[in-house]
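Colleague:
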Amino acid sequence: MDREAAKQILQSFAKAVCSVFHDLTEQELAPQGVEKAESLILKASGAVVILGFNGAFSGRVLISMPKEMASFIHESLMDEKPNDEDLLLTIGEFGNMVSGNAITVVNNIFKGANVRLSPPSSFMGDDLTFFNFKMSAFNMVFKAQNGTLRMNVALREEKRE
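Going by the numbering used here, the first residue of the sequence shown is number 394, and it counts up by one from there.
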């Protein structure tokens, strides 16, 4: 994948996560930078969501945050304390909103890319391990009042028809 396309895709995800977080919580996420992942192995703890995408560009996005941050998002929406099932649903929907916004921008920039999302998969736990297979991955960190959100975007270019 060319560098400019990768940069635009990463910017789309970074802007989307900040926008969705603000829309849901009325709080800001402060981007702390982007770096190319050095390892194929990714460790995460707390509430985690993974969504894949396919089309002219394929890959996946993984968003992780402390359980307390996921609880804050849920409470901002529902005015109630969440149980673990609520947190899994909340992080799944958060990931869906972020990815949907980002992929809409990608499809608007790259006409004919026809990138589509897979449904989210949500996880909760400590020291979860994920593996990036044959993809270039990039780590992004965002700070908020109630914790640190981490996003890992892995990209692989498909042939355009």
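Just so you know, even glycine gets a beta-carbon here, dropped at the ideal spot from N, CA and C.
Small disclaimer: the values here were computed from a predicted structure and weren't measured.
Between the region 477 to 485 and the region 394 to 414, do three or more beta carbon pairs fall short of 8 Å?
Modeller: No: fewer than three Cβ pairs fall under 8 Å.
Colleague: If we ignore side chains and look at the alpha-carbon of each, how far apart do Gln420 and Ala449 end up?
Modeller: Going by the C-alpha atoms only, they are around 34 Å apart.
Colleague: Take Asp519 and list the residues in its own chain whose beta-carbon comes closer than 6 Å to its own, dropping the five residues that flank it on each side.
Modeller: Taken in chain order, the residues that qualify are Ser438.
Colleague: Quick one: grab the DSSP three-state call for Val442.
Modeller: In the structure shown, Val442 sits in a strand (DSSP, three-state: E or B).
Colleague: Could you check if Glu554 is buried or exposed, using at least 16 other CB atoms within 10 Å of its CB as the buried criterion?
Modeller: In this predicted model, Glu554 has a pLDDT of only 49, less than 50, meaning its place in the structure is not dependable; the value taken from the coordinates is given anyway. Exposed, since its Cβ has fewer than 16 Cβ neighbours within 10 Å.
Colleague: In its own chain, which residues sit with a C-beta less than 8 Å from the C-beta of Ala440, not counting the 5 before and 5 after it?
Modeller: Cβ neighbours of Ala440 beyond the five flanking positions: Ser457, Met458, Pro459, Lys460, Met462, Ala463, Leu480, Leu481, Thr483, Ile484, Ser515, Phe516 and Met517.
Colleague: Taking the alpha-carbon of Thr541 as reference, which of Thr497, Gly426 and Asn494 has the nearest alpha-carbon?
Modeller: The residue with the shortest Cα to Cα distance from Thr541 is Gly426.
Colleague: Quick check on this structure: which residue in Pro424, Leu521 and His415 has the alpha carbon closest to the alpha carbon of Val442?
Modeller: Closest option to Val442, Cα to Cα, is Leu521.
Colleague: Reducing DSSP to helix, strand and coil, say where Val534 ends up.
Modeller: Of the three classes helix, strand and coil, the one that applies to Val534 here is strand, per DSSP.
Colleague: Can you check whether the C-beta of Gly485 is within less than 8 Å of a C-beta belonging to chain C?
Modeller: No chain C is part of this structure, which consists of one protein chain only.
Colleague: Taking the straight line between their C-alpha atoms, what separation do you get for Asn525 and Lys474?
Modeller: Each residue's Cα considered, the two are about 34 Å apart.
Colleague: Straight-line CA distance for Glu428 to Asn489?
Modeller: The alpha-carbon atoms of Glu428 and Asn489 are separated by roughly 23 Å.
Colleague: Determine the burial state of Ser405: buried for a count of at least 16 other Cβ atoms within 10 Å of its Cβ, exposed for fewer.
Modeller: Buried.
Colleague: State the start and end residues of the unbroken beta strand (DSSP E) segment that holds Glu428.
Modeller: Ala423 to Lys429 is the extent of the beta strand (DSSP E) around Glu428.
Colleague: Measure the C-alpha to C-alpha separation of Lys408 and Ile434 and round it to an integer number of angstroms.
Modeller: Between Lys408 and Ile434, the C-alpha separation is close to 25 Å.
Colleague: Are there 16 or more other CB atoms within 10 angstroms of the CB of Ser492, so buried, or fewer, so exposed?
Modeller: Result: buried.
Colleague: Over what stretch of residues does the beta strand (DSSP E) that includes Leu366 continue unbroken?
Modeller: Here the chain has residues from 394 to 554 only, and residue 366 is not among them.
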